Amino acid sequence: MKALTVENICKACGGELKGAVKSGAEASCVVLDSRKIEAGGVFIATRGEKVDGHSFIPQVFEKGAIAVVCEEAPADAAGPCIVVKDSFRALTDIAAFYRKQLDCRFIGITGSVGKTSTKEMTAAVLAQNYKVCSTEGNYNNEIGVPLTLLRIREDDECAVIEMGINHFGEMSRLTSLVRPDIALITSIGECHLEAFHDRDGVLKAKTEIFEGMSEEAVAVLNGEDDKLRTVERKNTVFYTADDAPDLSFIPGRHMQLNAHGAAAVGRLLGLSDEEIIEGLKKVEIMKGRGGIVKLKDYSLMDDCYNANPTSVKAAIDTLCETKELKKVAILGDMFELGEDEAKLHAEVGRYAKEKGVERLITVGALSENMHKAYGNAEHYESTDALVEALGKLRFDGSMILVKASHGMHFENVVEALKKRSAE
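Each step along the sequence shown adds one to the number in my numbering, with nothing skipped, and position 160 is 166.
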């Protein structure tokens with residue numbers, strides 16, 4: 007890893023070095039998870055609610071770590087330890103130093119809905135012409151982003167970084183780390199309203215991403231979003247789902263819109279429409295992010311990873327574009343919506359009815375508001391109660407949308423539906 011010697015790591019995080027160092031050796035990796043350490047790597051020991059990484063210091067040295075960053079060095083450490091006050095802060099400082107050593111193109115992706123899908127699509131498009139490093143899974147917060155930066159290697163030509171937030175100021179800190187050459191914002195929706203209050207607050211928080219960008223850097227914005235259309239910034243590109251090329255091979259207008267965002271980035275970096283289409287055809291939607299699972303008696307639209315009113319409405323739109331199959335939605339509570347949470351849940355229920363959802367099943371205390379607004383929905387108090395009842399419910403010939411906030415554990419609903427279809 008370019009310039010990432012133990013000496014430079016120590017200097018970057020302001021640590022105190024204890025133990026002898028093999029001078030000039032560059033780290034092969036920097037990890038928080040001791041299971042991912044490799045010979046020549048550096049381990050950052052952090053304290054969590056359940057696990058204290060300091061207890062794994064002996065094991066990482068046995069595996070060939072060249073140094074450990076920690077808040078307390080063991081008396082009998084088998085290698086050099088860099089002692090810091092805060093290991094998480096040290097992670098950020100090390101990532102910031104390393105980012106300055108890299109000269110690849112950085113693409114930052116944020117938004118209320120579609121961040122992960124758009125990230126996957128953008129990485130797939132750019133991979134047609136470039137060597138790409140991108141965020142794994144949803145490592146998009148103040149721990150995940152530094153870890154992603156530390157995965158980039160000197161021969162990577164593009165880095166696609168997903169950036170997620172739930173409070174003001176977080177994006178400012180993330181963008182100061184990433185310093186994107188291109189920033190793509192997918193949408194401004196009703197999410198994390200406990201902190202952001204309303205969509206104007208969401209817009210303010212998301213557009214903090216511009217703070218880390220030069221004047222020459224380009225903003226790529228969803229032109230179908232009424233809030234993003236108000237952005238006035240030099241070097242801004244707007245995209246819509248009706249742009250060329252024709253991406254109708256991608257199911258659902260919402261997903262096509264994400265794909266056009268990826269296409270816009272691709273064009274900025276010199277890819278042809280043919281290369282963009284070829285890249286998009288290789289995308290595999292991540293588990294729980296809206297992929298279609300075809301089962302024996304019915305099909306699932308597995309979008310269970312997370313939810314807010316904007317993303318649920320978008321998922322309902324995609325569901326209702328389904329032809330022939332009966333449209334069923336299993337929806338659960340959406341969290342962090344603030345004082346209007348009951349009203350926002352009710353709006354989703356009415357939206358489902360208006361759009362043509364033929365059967366609505368709701369789960370959770372907040373979702374009773376969906377149930378009542380829809381009119382004749384089936385309601386369950388908990389995810390466990392629904393899972394227990396699924397054996398008696400019939401869904402033959404249906405497309406079933408499954409969506410709720412992550413804390414509702416709707417992955418259990420998806421697995422129960424899969425198991426039931428296989429029986």
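We treat Cβ as the ideally placed atom computed from N, Cα and C, and that holds for glycine. Model, not experiment: these values are computed from the prediction.
Boundaries of the alpha helix (DSSP H) in which residue i is found, first to last residue
{"i": "Met127", "result": "121-132"}
{"i": "Gly272", "result": "259-274"}
{"i": "Gly430", "result": "For residue 430 there is no data in the structure shown, the boundaries of the chain being 7 and 429."}
{"i": "Met405", "result": "Looking at the DSSP string, Met405 is not in any alpha helix (DSSP H); the run it does join, the beta strand (DSSP E), is 404-409."}
{"i": "His351", "result": "347-361"}
{"i": "Asn146", "result": "That residue, Asn146, is in no alpha helix (DSSP H); it is neither H nor E in DSSP."}
{"i": "Glu417", "result": "417-428"}
{"i": "Lys432", "result": "Absent from the structure is residue 432, since the part of the chain shown begins at 7 and ends at 429."}
{"i": "Asn228", "result": "Element bounds for Asn228: not the alpha helix (DSSP H) but the beta strand (DSSP E), 224-228."}
{"i": "Ala383", "result": "That residue, Ala383, is in no alpha helix (DSSP H); it is neither H nor E in DSSP."}
{"i": "Val27", "result": "Careful: Val27 lies outside any alpha helix (DSSP H) and carries neither H nor E."}
{"i": "Glu13", "result": "12-19"}
{"i": "Lys8", "result": "It is not in any alpha helix (DSSP H) - Lys8 carries neither H nor E in the DSSP assignment."}
{"i": "Ile283", "result": "279-286"}
8 Å Cβ cutoff met for residue i and residue j
{"i": "Gly272", "j": "Pro186", "result": "no"}
{"i": "Thr11", "j": "Lys121", "result": "no"}
{"i": "Leu372", "j": "His351", "result": "yes"}
{"i": "Ile435", "j": "Ile88", "result": "Because the chain spans 7 through 429 in this model, residue 435 falls outside it and cannot be assessed."}
{"i": "Leu153", "j": "Lys8", "result": "no"}
{"i": "Val90", "j": "Gly21", "result": "yes"}
{"i": "Thr141", "j": "Ile171", "result": "no"}
{"i": "Val66", "j": "Ile50", "result": "no"}
{"i": "Met227", "j": "Thr242", "result": "Going by the sequence as given, residue 227 is Leu instead of Met. Taking 8 Å as the Cβ cut-off, Leu227 and Thr242 qualify as a contacting pair."}
{"i": "Ala422", "j": "Leu399", "result": "no"}
{"i": "Leu337", "j": "Ala391", "result": "no"}
{"i": "Arg111", "j": "Leu277", "result": "no"}
{"i": "Cys164", "j": "Tyr145", "result": "no"}
{"i": "Val138", "j": "Asp162", "result": "yes"}
{"i": "Met169", "j": "Thr116", "result": "yes"}
{"i": "Leu286", "j": "Met127", "result": "yes"}
{"i": "Ser427", "j": "Asp303", "result": "yes"}
Given residue i as reference, the closest of the options once Cα atoms are compared
{"i": "Leu190", "options": "Arg179, Val224, Met177", "result": "Val224"}
{"i": "Met414", "options": "Ile406, Gly370, Ala422", "result": "Gly370"}
{"i": "Tyr357", "options": "Thr389, Gly338, Arg53, Lys319", "result": "Lys319"}
{"i": "Asn264", "options": "Gly276, Phe244, Glu280, Ile50", "result": "Phe244"}
{"i": "Glu327", "options": "Thr116, Lys56, Gly258", "result": "Gly258"}
{"i": "Ser118", "options": "Glu330, Thr154, Glu160, Phe202", "result": "Phe202"}
{"i": "Glu345", "options": "Lys125, Asp161, Asp204, Thr98", "result": "Asp204"}
{"i": "Ala383", "options": "Ile367, Ala130, Leu396", "result": "Ile367"}
{"i": "Gly381", "options": "Ala391, Asn135, Arg365, Glu387", "result": "Arg365"}
{"i": "His60", "options": "Glu68, Ile43, Ala79", "result": "Ala79"}
{"i": "Leu253", "options": "Asn241, Leu274, Glu284", "result": "Glu284"}
{"i": "Phe94", "options": "Gly85, Ala81, Ala129, Asn147", "result": "Asn147"}
{"i": "Glu238", "options": "Ile256, Gly218, Pro251, Thr213", "result": "Thr213"}
{"i": "Ile406", "options": "Thr181, Leu331, Asp248", "result": "Leu331"}
{"i": "His377", "options": "Glu160, Lys349, Arg235, Leu396", "result": "Lys349"}
{"i": "Asn375", "options": "Val363, Asp249, Ala269, Glu347", "result": "Glu347"}
{"i": "Ala83", "options": "Glu68, Thr389, Lys125", "result": "Glu68"}
{"i": "Gly297", "options": "Ala321, Ala165, Asp303, Ile43", "result": "Ala321"}
{"i": "Ser178", "options": "Val151, Gln134, Gly143", "result": "Val151"}
{"i": "Asp339", "options": "Leu325, Ala313, Lys361, Thr324", "result": "Ala313"}
{"i": "Thr389", "options": "Glu417, Glu230, Gln134, Gly362", "result": "Glu417"}
{"i": "Gly143", "options": "Phe216, Gly54, Ser40, Thr124", "result": "Thr124"}
{"i": "Val131", "options": "Ser317, Ala269, Ile43", "result": "Ala269"}
{"i": "Glu280", "options": "Tyr304, Ala250, Lys233", "result": "Ala250"}
{"i": "Ala81", "options": "Asp92, Lys24, Ala31", "result": "Lys24"}
{"i": "Phe62", "options": "Glu222, Glu55, Asp231, Arg41", "result": "Arg41"}
{"i": "Ser317", "options": "Lys329, Asp303, Phe341", "result": "Phe341"}
{"i": "Lys233", "options": "Leu209, Cys76, His260", "result": "Leu209"}
CB-CB length for residue i against residue j, believed under 8 Å
{"i": "Leu156", "j": "Ala71", "result": "About 15 Å separates the two Cβ atoms, so there is no contact after all."}
{"i": "Tyr311", "j": "His198", "result": "That belief does not hold up - the Cβ atoms of Tyr311 and His198 are roughly 15 Å apart, past 8 Å."}
{"i": "Val419", "j": "Val393", "result": "6 Å"}
{"i": "Pro315", "j": "Gly195", "result": "7 Å"}
{"i": "Val334", "j": "Phe401", "result": "6 Å"}
{"i": "Ala33", "j": "Phe103", "result": "Not confirmed; about 12 Å, so no contact."}
{"i": "Leu183", "j": "Thr98", "result": "7 Å"}
{"i": "Glu408", "j": "Leu306", "result": "One point to set straight first is that residue 408 is Val, not Glu, in the sequence displayed. Right, their Cβ atoms sit about 6 Å apart."}
{"i": "Ala211", "j": "Phe174", "result": "5 Å"}
{"i": "Thr181", "j": "Gly218", "result": "3 Å"}
{"i": "Ala45", "j": "Pro86", "result": "So it is not a contact: roughly 15 Å between Cβ atoms."}
{"i": "Leu325", "j": "Val363", "result": "7 Å"}
First and last residue of the uninterrupted beta strand (DSSP E) at residue i
{"i": "Asp308", "result": "305-308"}
{"i": "Ile336", "result": "332-338"}
{"i": "Thr242", "result": "242-245"}
{"i": "Glu22", "result": "22-24"}
{"i": "Ser34", "result": "That residue, Ser34, is in no beta strand (DSSP E); it is neither H nor E in DSSP."}
Closer than 7 Å: residue i CB and nearest the ligand SAH heavy atom
{"i": "Ile406", "result": "This structure simply doesn't include the ligand SAH, nor any ligand for that matter."}
Worksheet item: What beta strand (DSSP E) runs, 3 residues minimum, are completely inside the stretch 171-221?
Response: Contiguous beta strand (DSSP E) elements confined to the stretch 171-221 occur at 188-191, taking only those with 3 or more residues.
Discussion item. In chain order, what are the residue ranges of uninterrupted alpha helix (DSSP H) at least 4 long that sit wholly in the stretch 43-122?
Written reply: Listed in chain order, the alpha helix (DSSP H) runs fully inside the stretch 43-122 are 63-68, 93-105, counting runs of at least 4 residues.
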